[in-house]
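Notes to accompany the following structure.
Protein chains: 2
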Amino acid sequence: MAQAQKEFSVVGKTTPRIDAYERVTGQAQYTGDIQLPGVLYARVLRSPVPHAKIVSIDTSKAEKLPGVKAVIHHGNTQIPWSSGGLTHKRFIFNNPVRFVGDAVAAVAATDRQIAEDALGLIDVKYEKIPHVLDAKEALKPDAPKIAPNGNLSVGTGAFSAPIEESWGDLDEGFKEADRVFEDTYISKHVNNAQIERRVSVAKWDGGKLTVFASTQGVSNARTDIAKDFGLPLSKVRVVCKYMGGGFGNKNQAQDYDYMAAALARVSGQPVKLEFTREDDYIGMHGRWSSEQRYKIGVKQDGTITAVQLDAVTNMGAYRKQSGNLSGTDFYQIPNFKKVILPVHTNTVVAANYRAPAYPQSVFGFASFLDQIAFELGINPLDMFMRNRIRLSKNKTPFTSNYLEQCIIEGSKRIGWNEKWHKPGATSGPVKHGIGMALAGYPYRSGLGAATIRVNPDGTAHVLVGVTDIGTGAKSTMAIIAAEALGIPLNQIQVTNGDTDVTPYSVGESGSRTTSFTGPAVVAAAEDVRKQIFALAANEFKAKPEELDLRDGQVFAKSDPSKKLPLGRIVKDSGDLIGRATTNPSFPKEVEGKSFVAHFAEVEVDTWTGHVKITRYVAAHDSGTILNRLTAESQVKGGIVQGIGMALTEELLIDKVTGIPINPNYRDAKVPTHLETPDVEVIFIENYDPYGCFGGKVVGEPPITAAVATIANAIFNATGKRFKELPITPGKILQAVQV
Amino acid sequence: MAQAQKEFSVVGKTTPRIDAYERVTGQAQYTGDIQLPGVLYARVLRSPVPHAKIVSIDTSKAEKLPGVKAVIHHGNTQIPWSSGGLTHKRFIFNNPVRFVGDAVAAVAATDRQIAEDALGLIDVKYEKIPHVLDAKEALKPDAPKIAPNGNLSVGTGAFSAPIEESWGDLDEGFKEADRVFEDTYISKHVNNAQIERRVSVAKWDGGKLTVFASTQGVSNARTDIAKDFGLPLSKVRVVCKYMGGGFGNKNQAQDYDYMAAALARVSGQPVKLEFTREDDYIGMHGRWSSEQRYKIGVKQDGTITAVQLDAVTNMGAYRKQSGNLSGTDFYQIPNFKKVILPVHTNTVVAANYRAPAYPQSVFGFASFLDQIAFELGINPLDMFMRNRIRLSKNKTPFTSNYLEQCIIEGSKRIGWNEKWHKPGATSGPVKHGIGMALAGYPYRSGLGAATIRVNPDGTAHVLVGVTDIGTGAKSTMAIIAAEALGIPLNQIQVTNGDTDVTPYSVGESGSRTTSFTGPAVVAAAEDVRKQIFALAANEFKAKPEELDLRDGQVFAKSDPSKKLPLGRIVKDSGDLIGRATTNPSFPKEVEGKSFVAHFAEVEVDTWTGHVKITRYVAAHDSGTILNRLTAESQVKGGIVQGIGMALTEELLIDKVTGIPINPNYRDAKVPTHLETPDVEVIFIENYDPYGCFGGKVVGEPPITAAVATIANAIFNATGKRFKELPITPGKILQAVQV
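Spelled out as structure tokens, the structure:
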């Protein structure tokens, strides 16, 4: 089984968040809580049409409204938003407008109501342009052209198009197959639906811009803002210490940060721009929808011989992210080819949402595998076990891979062998079903930085650029520092998320915080430990390298019984400061991934079409778990999001007008506690040799397998295969009544 | 003359403050500007009697007043205030109360008015104890005993009593003298009278206490609070980024910080305690008054052969500082003895005020020297030049000493030789006078710490614990960093004054900021430069040590024409972090001092007693001047304070009741712009070999000579010697009418 755990003092426990008190008492300052003297409040006017040239904007009435301090639009404010349009140039206001929700103007006023009222006084004349909403329609030669170079979103590097990947020999693979299956699976645009709406507070102090952002990465947000406003990095300060979720749509800086900054510059006052929930749904981005056409060759025993995937992903009016589909990554596929076409349409933009390229395509691929197992008469557990990934596409091993143990432990815990039955085989109107799927997420390492100060009493302060986006990263950094320093956790304070104060962080996206910034914290601890041992060497009459520090006590390795409190060693030293900028990388011969095997039981009411998830078991290989409490919460949260995507969520867009018709929690049917099952989380703990204290990624994996797991359980319950998300009661009723 | 200046890029210019914009636009956040959700407002009840046992405190009526959230007093809150009572233990509330103004209780309520009203509802029964207000009375055997060990304030180390110092052979010195003079000079208690009243905002997040203080030293304030509240240093955060002056009475933490923290703990809400101006005058401290008895032996040519000083200093009810008198330090005295008795009385506490031990005793000693010159028929310029200090009391040289040049340049600039006349020799009712004095301040070095981060575009952030107490220290740190790094000043941002964020600082008192923290900034810059050169070595095909960095360009020392922008070298490095904790010390053979020679012209109206200072020339040896703009302002500010002390300021205490009768700006007669002359500042610039970029101390010296200079000018105008401060119109009229 898993490699033996290393001995840790702090890592690997169930640790409440170090900032729990601030959070539960309301003292934790989120961006919306920031109050600045003389602040103005802003609102955004959005396009009501999906594609139009703005012929004129008359803001004179709005500007005359008492309390209005600034009105900006494409005619007076041309600030590029580089990260908002990676294949064709985007500004914070664009002409033509390219989707319903495209920002047209923004107003800052002395209170929210005045700003809202002023929007209604802006007179915009639109000249409509033909529009296209469907991705496949958009690829037709006569489709209205949204991007200058056409609707296939052609960029460079990760943003090239088509996105192509292949290995092995596809023809040979299909020749080796006993059976070849083809089918199409469809996923829909869903909004990240984080609790905290996007909000930004910006102010200028002379030439220096401060943005209190709601961002998943203060360093990257600063880089974006500095670039697009033409400022040096030292003249941009981005602060975000607490954040109420983003799940990928608050990476870096976004247009609301830019609008707040632009309005602050024009008005000469600080400006707070808080999106409404509707702004949030239509003005930013959700997960890209997809149409996935698979051709899969298998041996009679279920072994995959070849997979071909041709897909279209709908990126909306601008390309902000890859639009890739990577759900096949957790299956051993000897011969493979995929061609993904990221396409522009006159709809809401699609980009990152937790594990961006995964849950929609794990849904497609793992549903189809489950279907093939059915057609071959193979138990899905055997099918998934047989086809689980062992070596990477380059035939190299993984840094660690306990996917097999995840399948074994998870299937045991859910009672697969006792509970699995033929699809649709239970009697009565409420059908029992059980399903599973495999997935995971890549794990990498890279640039991180940290500073640690040891106080004269031996307590310590850690400075890291990470924002705590809800995951407990601040606590994780404290755990890593405590372990690496050798002092108790409760003697550590963490300062985070302020570019004037804290060093570079990669950004809290892609589950990179622990693996990128963690090693820097460890190295900074090493740097300060060296200084401590140099100070202590005299007292111990020993060489610095003969000393160690644990539980706040310095001792000679040769005789741990003789020890001195750290505070005594450093009491006259002011502060000792450790610092590190680290950039570890894996050797070429290995690839990093976390792995998951998910299992669910459902009850499908064939009279109402309602699906109740009665049990959920999630088995994860994320290496060492640094904090079981927050890691378990992450797993549960991801699964809830998967439930929404599987069963209810979809941003509906009116087919004639292009208007999103359900841009809010209730109508877009975000799951609530009522829809949430108890989730049993199993960590197959092991020590990944390249991880920070053996840990791999935790954050993204939970959502990756959830949609497919539920879909497969519904198939087991009903005997009906649902190939289009979400699997609503309506679709179920239609299927079971046939 | 002065040693040739070194070549600097940034140091030594006239540089506007880097935070000027924030300051003038009101964006700079002073402690009083801090707003926290749910904050309560506090007020302090003070003793109306100078010495009494508190028999009972009934707070029930106050507690019933709607809006009152907490009432604390000695009966329910016994928090020691260690730094407030160095020779006998002090709490934030004491029983017995020992002076009018001693804190009795504090109230926190939902608004200021309610807190104020609640004070009137607290019923305190006092049992009066006999009191003593005069220091010499207090030393009599039958005087009421204020401190447990008697009224001579006997502590240890710097707080021992009597304070004694001697060298040479006093008897021999007086034997060598041609003339021996004896006289007594008296100085009064004056309040620091800084613009910003003391204010503190405290909150508890679970076990962690945050104090937004108005302090001259966040690190020391944290140390004090942690000690007296029994907390580890990591659980106390002290923040003070901007501060509206303290001049020594906001060093470390003070009782208002403790009261705010205690009220916050009891109420469970953040608490803001802002002193009234009266609180400020009577509840904290001012400069210790003194009675100085001198015996001075001189040769006929004016050369001092011996000085004996016996003095009493009135420390009020508690000992917070030394009570020493050091005004003789700038004169060459071969045989010397002083005995200072710091004494407790039932009056407002006396402690640090800018150059604590100097201006009152420079007044006494330099007035007396001026008088002796008169009696010997010597021009005061010759008297001061002859007796200026050359070697320290240990006969060692100073790190640098340009006092002679100060005298030469200053006397030339004021036109001493043309303008000096016999005392009282001008005709008419408005008498012209000219006077001078010598002084200065010790300059030391010690513990400092700093962190510097270089951003990926080559701009930089400096983190230092210093608070900008009005002196421009934040700008000075940026200047030092820019010079040491080799990048332009406008590419530097400074973060300061937050113990969670910034490293240790000695505290912005004793003019130590530049000389203690400056070297740490230089060393942190060296640390990060090493990393830069290591990165650049490849590009230049050179060894790191062959590279240099200036004006943001990296180049090979051997060929400065081939250069690369720093931003290009570090663009992929995340942040490079430099750090240093430094503790330089002078060799034993040298002593550090800054020196000043001050000159003033006055017009004394013998009909009104009014003194008008018509011209003031201040010649300073502070080594290299890092920023002429802020240094000049410091000199001017110190002289204005000296003018107040010389002419008008005194905290008057009613001789019967012990009640301070003028505890406010107007009645204590703090000088305004109307009383302020144009001051001509001369810096005798030189490069001190032990200074940070050659700089010595700037902040304290300006006040040291000002009082004596004005007093001597008045003597020259009137022919009357005033031996007791302040030299009010009443005293002048009385003298000239005799």
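Respectively, the protein sequence lines represent chains A and B. Just so we're aligned, residue 1 is where the first sequence starts under the numbering used here, counting upward by one. Just so we're aligned, residue 1001 is where the second sequence starts under the numbering used here, counting upward by one. All C-beta atoms, glycine included, are put in the ideal place defined by N, C-alpha and C.
By the CB criterion at 7 Å, residue 660 (chain A) and residue 282 (chain A) fall inside the cutoff.
Residue contact check for residue 21 (chain A) against chain B: a CB pair falls below 7 Å. Among the bridge pairs identified by DSSP, residue 1262 (chain B) is matched with none. Closest in alpha carbon position to residue 237 (chain A), among A:655, A:259, A:210 and A:261, is A:210.
With the criterion set as a beta carbon lying under 8 Å from some beta carbon of chain B, the stretch 7-18 of chain A has no members that meet it. The alpha-carbon of residue 1478 (chain B) is positioned some 27 Å away from that of residue 217 (chain A).
The distance from the Cβ of residue 260 (chain A) to that of residue 272 (chain A) is about 7 Å, consistent with a contact at the 8 Å cut-off. Looking at the backbone, the Cα of residue 68 (chain A) and that of residue 120 (chain A) are separated by about 13 Å.
Contact annotation, residue 639 (chain A) with residue 679 (chain A): C-beta distance approximately 5 Å; criterion of less than 8 Å satisfied. Residue 1291 (chain B) sits in a strand when the DSSP states are folded into three classes. Of the other Cβ atoms in all chains shown, fewer than 16 fall within 10 Å of the Cβ of residue 560 (chain A); this residue is therefore exposed. The closest CA to that of residue 305 (chain A), considering only A:369, A:102 and A:473, is found on A:369. Minimum Cα-Cα distance from residue 1463 (chain B) among the listed residues B:1500, B:1112 and B:1365 corresponds to B:1500. In this structure residue 672 (chain A) is exposed. Its beta-carbon is surrounded by fewer than 16 other beta-carbon atoms within 10 angstroms.
The beta-carbon separation of residue 194 (chain A) and residue 247 (chain A), rounded to 6 Å, stays under the 8 Å limit for a contact. For residue 570 (chain A), the secondary structure class from DSSP, reduced to helix, strand or coil, is helix. Within chain B, no residue has its beta carbon less than 9 Å from that of residue 489 (chain A); the closest one is some 11 Å off. The Cβ of residue 1459 (chain B) sits closer than 7 Å to at least one Cβ of chain A. When DSSP states are grouped into helix, strand and coil, residue 416 (chain A) belongs to the helix group. Restricted to the stretch 491-548 of chain A, the alpha helix (DSSP H) segments that are unbroken, complete and at least 4 residues in length are 518-540, listed in chain order. For residue 607 (chain A) and residue 55 (chain A), the gap between their C-alpha atoms comes out near 54 Å. With fewer than 16 other CB atoms across the displayed protein chains lying within 10 angstroms of its CB, residue 1674 (chain B) is exposed. If you look at residue 1222 (chain B), you'll find it isn't in any beta strand (DSSP E); it sits in the alpha helix (DSSP H) that goes 1218-1229. In the DSSP secondary-structure assignment, residue 331 (chain A) is bridged to A:388. The Cβ atoms of residue 1203 (chain B) and residue 1253 (chain B) lie no closer than 7 Å to each other. Going by beta carbons, residue 458 (chain A) and residue 574 (chain A) fall outside the 7 Å limit. With respect to residue 344 (chain A), residue 153 (chain A) sits close: the two C-beta atoms are nearer than 7 Å. Between the alpha carbons of residue 364 (chain A) and residue 125 (chain A) lies a distance of about 43 Å. Only residues of its own chain outside the window of five on either side were considered, and among them 71 have a CB closer than 7 Å to the CB of residue 63 (chain A), listed in chain order. Between residue 256 (chain A) and residue 293 (chain A) the beta-carbon gap is near 37 Å, outside 8 Å, which marks them as no contact. The C-alpha of residue 1595 (chain B) lies about 29 Å from the C-alpha of residue 1178 (chain B). When C-beta distances to chain A are compared with 7 Å, the residues of the stretch 1560-1575 of chain B below that value are 1573, 1574 and 1575, in chain order. If you check the CB distance, residue 1412 (chain B) and residue 1170 (chain B) do not come in under 7 Å. Listed as beta-bridge partners of residue 1616 (chain B) by DSSP are B:1600 and B:1679. The Cβ atoms of residue 718 (chain A) and residue 424 (chain A) sit closer than 7 Å to each other. A residue is called buried when at least 16 other Cβ atoms come within 10 angstroms of its Cβ; residue 346 (chain A) meets this threshold and is buried.
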